[in-house]
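Engineer:
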Amino acid sequence: MKPNPFPHLLFVASVAVAIASTALAQSVRYPDGYSEPLPPVCVTLFSSDHYRGESVTLGAGERWDDMNHIRFPSGRRVNNRVSSILIEGPAFVTLYDHRDFGEESISLLDSIP
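Oh and the sequence shown: position 33 is 763 in the working numbering, straight run, nothing missing.
(1) Could you pull out every residue in the same chain whose Cβ sits closer than 6 angstroms to the Cβ of GLY819, ignoring the five residues on either side in sequence?
(2) If we ignore side chains and look at the alpha-carbon of each, how far apart do LEU838 and ALA790 end up?
(3) Report the three-state DSSP secondary structure of HIS799 (helix, strand or coil).
(4) What residue range does the beta strand (DSSP E) around SER777 cover?
(5) In its own chain, which residues sit with a C-beta less than 6 angstroms from the C-beta of THR787, not counting the 5 before and 5 after it?
(6) Going by alpha carbons, who is nearest to ARG806 out of SER777, PRO767, GLU834 and VAL758?
(7) Using DSSP with H/G/I as helix, E/B as strand and the rest coil, what is GLU792?
(8) State the start and end residues of the unbroken beta strand (DSSP E) segment that holds LEU816.
(9) Starting from the C-beta of SER841, find all residues in its chain whose C-beta is less than 7 angstroms away, skip the five residues before and the five after it, and write them out in chain order.
Next comes the structure, spelled out in structure tokens:
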């Protein structure tokens, strides 16, 4: 088994992020005809642990193939500055060690405070 290439989310190279919804439908329909909307699907990357600090958000199906071009609201680069990840809705996020989705990767189904 390979070691986790992202211990404690302290990335050492470019990181690319992809998100995909695990649910294709916009709502869930029950046998009795009742339906309700699915929760929104998004992933938010934070500059500090426990979902604090600056943040940027990706929606379902979005991807960033080179994090060097992504900036927090202050103008600071997101690359190598992600300390926590909040996953909302039925989604997963894949983080890559290099830009253009290369080298080692790790996929997450749950948030990391």
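Using N, Cα and C, we set each Cβ at its ideal position, and we do this for glycine too.
Computed from a predicted model, the values in this text were never measured in an experiment.
Structural biologist: Taking the structure as given:
(1) On the sequence shown, residue 819 is found 89 positions in, with the first residue counted as 1. Only PRO769, PRO770 and VAL771 meet the Cβ criterion.
(2) Sequence index remark: in the sequence shown, residue 838 carries index 108 (1-based). Sequence index remark: in the sequence shown, residue 790 carries index 60 (1-based). Taking the straight line from one Cα to the other gives about 14 angstroms.
(3) On the sequence shown, residue 799 is found 69 positions in, with the first residue counted as 1. If DSSP states are grouped into helix, strand and coil, HIS799 belongs with the helices.
(4) Within the sequence shown, the letter at position 47 stands for residue 777. That run of the beta strand (DSSP E) goes 772–778.
(5) Taking the first residue of the sequence shown as 1, we reach residue 787 at position 57. For THR787, where only same-chain residues beyond five positions count, the Cβ hits under 6 angstroms are CYS772 and THR774.
(6) As a first step, residue 806 is located in the sequence shown; it is residue number 76 there, counting from the start. The shortest Cα separation from ARG806 among SER777, PRO767, GLU834 and VAL758 belongs to SER777.
(7) In the sequence shown, residue 792 corresponds to position 62, counting from 1. In this structure, GLU792 counts as coil in the three-state DSSP scheme.
(8) Taking the sequence shown and counting its residues from 1, one reaches residue 816 at position 86. It spans 814–818 - the beta strand (DSSP E) in which LEU816 sits, taken as one unbroken run.
(9) Within the sequence shown, numbered from 1, the residue matching residue 841 stands at position 111. ILE815, LEU816 and ILE817.
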